[in-house]
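S.K.: Numbering (my numbering), first residue to last: 2 to 566. Please read through the structure below; I'll follow up with questions.
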């Protein structure tokens, strides 16, 4: 007898949340009748939605307290802005508070998101970093479960968020990847990824492939009953013994087995990754680009060398990631930077982009510091020198799961911060999109140089114009009304997330006094971080500029707190 299926994909966000909670327990927080809209859309001529495309519901699953967060892909492609992002982050933060008090509260997120809402840009990027931080904290108590049903799927920074989940349930129609095919085509050309080839897209980033190579856990049919059953099993199983985002050596060994100069198909990856080996076992594999024949003097490299006093830093297995421990005000500090490597094995990551190897290598260096300091009362500060033009845009990057590599670094930085390591970011160049989320956005404090070359944004202007169907001139005009859409560091500073915007520094060619000035700023940020005792990212909402620059996000969190119980 053929079983008739009821589509989960066809349900709206509210219906999905209601279906996943025990019958009769659904209670929505900050629902549409409270009419809390994004204040940033109407000035751009975009009709807002009263729930801003995110449903937050309390209830129970298998009789246990739970919060279900469901993203509506039909509104702005499920893009994350200030209000929607604050609803997700705020709900997860409340769940963390519950669990800290011994009140077990499970968390489930239904993803249908294209990533950052480009019409709000930096609000979305900032919110995603806070969502990621909350997930890392919550996983210490309960499993954080993700469902990726289909329609939109899970893209951009939200795919990195999925890479942090305890368990991922996905349908064949679900897609999960960092860079969408259209963006790759815009950035790297149609020869790199043809966005019109739908069959190839699903074979590369679809649910079946993701589950087959271990980047998702459970493959289910698009059926309400099947998805509910999978969620209940995940809740019953509890926290997993291993998290994907912590398996650094496993994924580095898998990536090292790949020869980027040769064609690679989805079936090749399945075969190659079906037999895992250790990093030691693949050490003898000859790979191009292990040595760096020339130093490209990017801002990141210049500042790394000036701050560490090391003109030729030690090169590890991945030369594009620099790491050294040096003294700063009489204590050992770890500096990490991503720099160009014209001989990078992966051609799409030769100009300072964060690629497959870069993400996992950052994670490795951060976790090494954690392990070495595990028994020390005073944890080593980690300083991220940020000069990252973007993540790597490439077919092989998406096929091999660059989103998971980036999630590994996010996990490492956030975990180190929660463990008491002061994490300080120094922005000396571009801090763009997933690259910034990977390297720098989990910092306790962010210091930026006030310089035209220091930029923060979710995407290049060309790609943003294509995705939003606007001209570059229209984007520039919109940025005058909504500062979060601008690229310059001055506009970004109005959001209130910077510890300090430092003027009077020669960012491209720093003099000795410039370097000493920045060292003093870094030392001060470390002291302030330790004195505060705050290990989450809540300080970003407490600054004077944040009170006005992030007023909507602050209000969302206040209402969620009031309505939580």
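Ideal Cβ positions, reconstructed from N, Cα and C, are used throughout, including at glycine.
To the nearest whole angstrom, what separates the beta carbons of residue 572 and residue 462, a pair I think is in contact under 8 Å?
M.R.: The question about residue 572 has no answer here: the residues shown for the chain are numbered 2 through 566.
S.K.: Would residue 1 be called buried (16 or more neighbouring beta carbons within 10 Å of its own) or exposed?
M.R.: In this structure the chain extends from 2 to 566, so residue 1 is not present and cannot be described.
S.K.: From the DSSP output, in three-state form, read off residue 220 for me.
M.R.: strand
S.K.: The alpha helix (DSSP H) that contains residue 22, what's its start and end?
M.R.: Here residue 22 belongs to no alpha helix (DSSP H), and DSSP marks it neither H nor E.
S.K.: Judging by CA-CA distance, which residue of 410, 521, 433 is the nearest neighbour of residue 126?
M.R.: 433
S.K.: Here's a check: name, in chain order, each residue in its chain whose Cβ is nearer than 7 Å to the Cβ of residue 533, leaving out the five neighbours to either side.
M.R.: 540
S.K.: Three-state secondary structure (DSSP) at residue 388?
M.R.: strand
S.K.: Is there contact here, the stretch 110-120 with the stretch 76-92, by at least three beta-carbon pairs under 8 Å?
M.R.: Counting C-beta pairs with one atom in each stretch, the stretch 110-120 and the stretch 76-92 have three or more that are closer than 8 Å, which means they touch.
S.K.: Output the residue ranges of the alpha helix (DSSP H) runs that lie fully inside the stretch 102-169 and measure 4 residues or longer, sorted by chain position.
M.R.: Runs found: 123-139, 158-163.
S.K.: Within 10 angstroms of the Cβ of residue 156, are there 16 or more other Cβ atoms? Answer buried if so, exposed if not.
M.R.: Buried, by the Cβ-count rule.
S.K.: Which residues does DSSP pair with residue 509 in a beta bridge?
M.R.: According to DSSP, residue 509 bridges with nothing at all.
S.K.: Quick one: which unbroken beta strand (DSSP E) runs of 3-plus residues sit fully inside the stretch 7-59? Chain order, please.
M.R.: 28-30
S.K.: Closer than 8 Å, CB to CB, is residue 37 near chain D or not?
M.R.: Among the chains in the structure shown there is no chain D, since it carries only a single protein chain.
S.K.: From the DSSP output, in three-state form, read off residue 563 for me.
M.R.: When DSSP states are grouped into helix, strand and coil, residue 563 belongs to the helix group.
S.K.: With a 10 Å radius around its C-beta and 16 neighbouring C-beta atoms as the bar for buried, classify residue 402 as buried or exposed.
M.R.: Buried: at least 16 other Cβ atoms inside 10 Å.
S.K.: Among the candidates 388, 416, 410, whose CA atom is the shortest distance from the CA of residue 375?
M.R.: 416
S.K.: Would you grab the beta carbon distance between residue 60 and residue 28 for me? Rounded to a whole angstrom, and I think it's under 8 Å.
M.R.: 6 Å
S.K.: Check each candidate in 165, 31, 214 and name the one with the smallest Cα separation from residue 559.
M.R.: 31
S.K.: On the DSSP bridge assignment, give the partners of residue 458 in chain order.
M.R.: In the DSSP output, where bridge partners are listed per residue, residue 458 has 433.
S.K.: Where does residue 518 fall in DSSP's three states?
M.R.: helix
S.K.: Measuring CB atoms only, is the stretch 226-242 touching the stretch 327-347, in the sense that at least three cross pairs come out at less than 8 Å?
M.R.: Fewer than three Cβ pairs drawn from the stretch 226-242 and the stretch 327-347 lie within less than 8 Å of each other, which leaves the two stretches out of contact.
S.K.: For a test of the three-state rule: what should DSSP assign to residue 328, helix, strand or coil?
M.R.: Correct three-state label for residue 328: strand.
S.K.: Please report the residue range of the beta strand (DSSP E) in which residue 544 lies.
M.R.: Unbroken run through residue 544: none, as it is neither H nor E.
S.K.: Quick check: the stretch 29-49 against the stretch 481-492, are at least 3 beta-carbon pairs closer than 8 Å?
M.R.: yes
S.K.: Pick from 460, 181, 88: whose alpha carbon is nearest that of residue 431?
M.R.: 460
S.K.: Pull up the distance between the alpha-carbon of residue 13 and that of residue 73, whole angstroms please.
M.R.: 7 Å
S.K.: Starting from residue 415, trace the alpha helix (DSSP H) both ways and give me its first and last residue.
M.R.: 403-419
S.K.: Can at least three beta-carbon pairs, one atom from the stretch 396-414 and one from the stretch 242-254, be found at a separation below 8 Å?
M.R.: yes
S.K.: Curious, which full-length beta strand (DSSP E) runs of at least 3 residues does the stretch 206-266 contain?
M.R.: 219-221
S.K.: The beta strand (DSSP E) with residue 71 in it runs from where to where?
M.R.: 65-72
S.K.: Would you say residue 554 and residue 87 are within 8 Å of each other, going by their C-beta atoms?
M.R.: yes
S.K.: Can the beta-carbon of residue 185 be found closer than 8 Å to that of residue 435?
M.R.: In this structure, the beta-carbon distance from residue 185 to residue 435 does not fall below 8 Å.
S.K.: Just tell me which of 202, 9, 566 has its CA closest to the CA of residue 230.
M.R.: 9
S.K.: For the alpha helix (DSSP H) that residue 357 lies in, which residues bound it at each end?
M.R.: 357-373
S.K.: Give me, in chain order, the residues of the same chain whose beta-carbon lies closer than 6 Å to that of residue 486; leave out the 5 immediate sequence neighbours on both sides.
M.R.: Here residue 486 has 122, 479, 480 as same chain residues with Cβ atoms under 6 Å from its own Cβ, once five neighbours each way along the sequence are excluded.
S.K.: Can you tell me which of the three DSSP states residue 502 falls into?
M.R.: strand
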